[in-house]
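Asker: Chains as they are written, first to last, in my numbering: chain D, 506 to 745; chain W, 4 to 135.
Glycine residues also receive a C-beta, built at the ideal position from the N, C-alpha and C atoms.
From a predicted model like this one, the values you see are computed outputs, not experimental measurements.
(1) According to DSSP, residue 587 of chain D sits in a beta bridge with which residue or residues?
(2) For the alpha helix (DSSP H) that residue 624 of chain D lies in, which residues bound it at each end?
(3) Is it the case that the Cβ atoms of residue 747 of chain D and residue 641 of chain D are separated by a distance below 7 Å?
(4) Looking at the strands, I want to know which residues DSSP matches up with residue 715 of chain D.
(5) At the 7 Å Cβ level, is residue 574 of chain D part of the contact set with chain W, yes or no?
(6) With distances taken from CA atoms, which of W/77, W/102, W/72, W/48 is nearest residue 479 of chain D?
(7) Would residue 118 of chain W pass as an interface residue toward chain D - the criterion being a Cβ-Cβ separation below 7 Å?
(8) Taking the C-alpha atoms as reference points, what is the distance between residue 631 of chain D and residue 615 of chain D?
(9) Looking only at its chain, what residues have a beta carbon closer than 6 Å to the beta carbon of residue 659 of chain D, apart from the 5 residues adjacent to it on each side?
(10) Which residues in chain D have a C-beta closer than 7 Å to the C-beta of residue 61 of chain W? List them in chain order.
(11) Identify, in the order they occur along the chain, each residue of the same chain with its Cβ nearer than 8 Å to the Cβ of residue 732 of chain D, setting aside the five sequence neighbours on each side.
(12) Less than 7 Å between CB atoms is the rule here; does residue 67 of chain W satisfy it with respect to chain D?
(13) Have a look at residue 3 of chain W and residue 120 of chain W and give me their C-alpha separation to the nearest angstrom.
(14) With residue 56 of chain W and residue 88 of chain W assumed to form a contact (beta carbons below 8 Å), what rounded beta-carbon distance in angstroms separates them?
(15) Can you grab the Cα-Cα spacing for the pair residue 126 of chain W / residue 49 of chain W, in whole Å?
(16) Relative to the C-alpha of residue 80 of chain W, which candidate in W/109, W/93, W/44 has its C-alpha closest?
(17) Could you check the C-alpha separation between residue 726 of chain D and residue 523 of chain D for me, to the nearest Å?
(18) Between residue 46 of chain W and chain D, is there a C-beta pair that is closer than 7 Å?
(19) From what residue to what residue does the alpha helix (DSSP H) around residue 669 of chain D run?
(20) Are any of the Cβ atoms in chain W nearer than 7 Å to that of residue 606 of chain D?
(21) Among W/128, W/38, W/42, W/37, which residue has its Cα nearest to the Cα of residue 83 of chain W?
(22) How many Å lie between residue 90 of chain W and residue 627 of chain D at the Cα?
(23) In the stretch 734–745 of chain D, which residues sit with their C-beta less than 9 Å from some C-beta in chain W, listed in chain order?
(24) Taking contact to mean at least 3 C-beta pairs separated by less than 8 Å, is the stretch 581–601 of chain D in contact with the stretch 53–71 of chain W?
(25) Mind pulling the chain W residues with CB within less than 9 Å of residue 660 of chain D?
(26) Measure the Cβ-Cβ separation of residue 743 of chain D and residue 576 of chain D and say whether it is below 7 Å.
(27) Would you please verify whether the beta carbon of residue 568 of chain D is less than 7 Å from any beta carbon of chain A?
(28) Between W/37, W/53, W/105, W/124, which lies nearest to residue 557 of chain D when the distance is taken from Cα to Cα?
(29) Could you please give the first and the last residue of the uninterrupted alpha helix (DSSP H) stretch that includes residue 121 of chain W?
(30) For residue 28 of chain W, would you say it is in contact with chain D, using Cβ-to-Cβ distances shorter than 7 Å as the test?
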């Protein structure tokens, strides 16, 4: 019985759904995540831990903003740009949001084409995703430069509460780092897909394991998570 | 097995189902297979929701209306990304609850820090705020 479960993941007959299913899956003294490979389960657990990290950043930002007696700088004004003579509030952040959402869209389609073993389309879509991600990081670098030139520092800024700078650099910096790592990760996997590693089951350079197209989905989970974090940062830091 | 997989719209990953490739309809169907149209529709909705949340700022809404709209659009966007793009809607509940429940409990932490910062704010107003 145990052997069947190990060699044939997801192979056992009809499993219960709902609460009964949760109880069965977790109490079966085997593997809790029946039809999910270890790679995917571990990526989800990593993302869960990353969620806590970003939660802590956003919470410390909330605490700083709620407890200060000095007015908080108005992000709508701080991140406004003048384009062609028009003063548009928060426009840069809006464009960055759309760029990141688009990259999530191309990533989702790359996963889809990956499972169809269409390696050209998969690789191209992943590279488009990486390009959009790099665009996002570039715009963030522009935003940082602009704010630093205007005198924003982690310990002071010209418009109000000093904690604005530290929260801003910490939260967006950590998110930007995630995007950058994601871009590198995307290029590495796209190269493997392009070369056909997952079709010929070539062994990985680092792990010596055979890969398959599920790697693209796992990569996708990370990328969508980066987009997901931005949804929360956009709402709480830029719009609130 | 075969019928369960088809109804769920999902197949177990890896090498489990050489025998139900026929049922799945495509030659190479492994892992998560959904029509491209689904992703395009979700992508469209994410654009619409992002535009809406940007307009909240553009029109300068404020107070509880602003905050509730921001939270509404945020939750909808996050839900779409997790459910469709990350395929959580098609995973078994054992995984979904293991991953989605813990972040919800962070709300307890939020509540604690709200009390904490209210208290700090009060103390600062009472003892440290410089009279203007």
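Answerer: Inspection of the coordinates gives the following:
(1) Along the first chain, one-based indexing puts residue 587 of chain D at 82. Bridge partners of residue 587 of chain D: D/592.
(2) Locating residue 624 of chain D in the first chain gives position 119, counting from the first residue. Per DSSP, residue 624 of chain D belongs to the alpha helix (DSSP H) from 624–654.
(3) The requested residue 747 of chain D does not occur in the structure, where chain D is confined to residues 506 to 745.
(4) Indexing the first chain from 1 puts residue 715 of chain D at position 210. Looking at the DSSP assignment, residue 715 of chain D forms a beta bridge with D/708.
(5) Taking the first residue of the first chain as 1, we reach residue 574 of chain D at position 69. By this cut-off, residue 574 of chain D is an interface position.
(6) What the structure shows of chain D is the stretch from 506 to 745, and residue 479 of chain D is not part of that stretch, so it cannot be assessed.
(7) Taking the first residue of the second chain as position 1, residue 118 of chain W is located at position 115. For residue 118 of chain W, the answer is no, since every Cβ of chain D falls outside 7 Å of its Cβ.
(8) Numbered from 1 along the first chain, position 126 holds the residue referred to as residue 631 of chain D. Numbered from 1 along the first chain, position 110 holds the residue referred to as residue 615 of chain D. Rounded to whole angstroms, residue 631 of chain D to residue 615 of chain D spans 6 Å at the Cα level.
(9) Numbered from 1 along the first chain, position 154 holds the residue referred to as residue 659 of chain D. So the list reads 670, 671, 674, once near-sequence residues are dropped.
(10) The residue given as residue 61 of chain W occupies position 58 in the second chain. Ordered by position in chain D, the residues that pass the 7 Å Cβ test against residue 61 of chain W are 594.
(11) Along the first chain, one-based indexing puts residue 732 of chain D at 227. 605, 606, 608, 609.
(12) Against the second chain, residue 67 of chain W aligns to sequence position 64. It does not; no Cβ of chain D falls within 7 Å.
(13) What the structure shows of chain W is the stretch from 4 to 135, and residue 3 of chain W is not part of that stretch, so it cannot be assessed.
(14) Sequence index remark: in the second chain, residue 56 of chain W carries index 53 (1-based). Sequence index remark: in the second chain, residue 88 of chain W carries index 85 (1-based). Actually they are not in contact, since the Cβ atoms of residue 56 of chain W and residue 88 of chain W sit about 18 Å apart, beyond 8 Å.
(15) Locating residue 126 of chain W in the second chain gives position 123, counting from the first residue. Locating residue 49 of chain W in the second chain gives position 46, counting from the first residue. If I take the Cα positions, the gap works out to 42 Å.
(16) What you label residue 80 of chain W is simply residue 77 of the second chain in a count that begins at 1. Checking every option, the nearest Cα to that of residue 80 of chain W belongs to W/44.
(17) In the first chain, the residue the question calls residue 726 of chain D occupies position 221. In the first chain, the residue the question calls residue 523 of chain D occupies position 18. Going from the Cα of residue 726 of chain D to the Cα of residue 523 of chain D covers about 24 Å.
(18) Position 43 of the second chain, counted from the first residue, corresponds to residue 46 of chain W. Chain D contact via Cβ: present.
(19) In the first chain, residue 669 of chain D corresponds to position 164, counting from 1. Residues 668–700.
(20) In the first chain, counting from the first residue as 1, residue 606 of chain D sits at position 101. Yes, residue 606 of chain D lies at the interface with chain W (some Cβ there is under 7 Å from its Cβ).
(21) Looking up residue 83 of chain W in the second chain gives position 80. Taking only the C-alpha atoms, the option nearest residue 83 of chain W is W/42.
(22) As a first step, residue 90 of chain W must be located in the second chain, where it is residue number 87. As a first step, residue 627 of chain D must be located in the first chain, where it is residue number 122. Near 18 Å, if we compare the C-alpha coordinates of residue 627 of chain D and residue 90 of chain W.
(23) 736, 737, 739, 740, 741, 743, 744, 745
(24) yes
(25) Taking the first chain and counting its residues from 1, the one referred to as residue 660 of chain D is at position 155. Ordered by position in chain W, no residue passes the 9 Å Cβ test against residue 660 of chain D, which lies about 18 Å from the chain.
(26) Mapped onto the first chain, residue 743 of chain D falls at position 238. Mapped onto the first chain, residue 576 of chain D falls at position 71. Not in contact: residue 743 of chain D and residue 576 of chain D (Cβ atoms no closer than 7 Å).
(27) Absence of chain A from the displayed structure is noted, the protein chains being D and W.
(28) Translated into positions along the first chain, residue 557 of chain D becomes position 52. When each option's Cα is compared against that of residue 557 of chain D, the closest is W/105.
(29) Position 118 of the second chain, counted from the first residue, corresponds to residue 121 of chain W. Segment 96–126, the alpha helix (DSSP H) holding residue 121 of chain W.
(30) Numbered from its first residue, the second chain carries residue 28 of chain W at position 25. Confidence at residue 28 of chain W is low in this model, with a pLDDT of 39, below 50, so its placement is unreliable and the value that follows should be read with caution. No - not a single Cβ of chain D is within 7 Å of the one on residue 28 of chain W.
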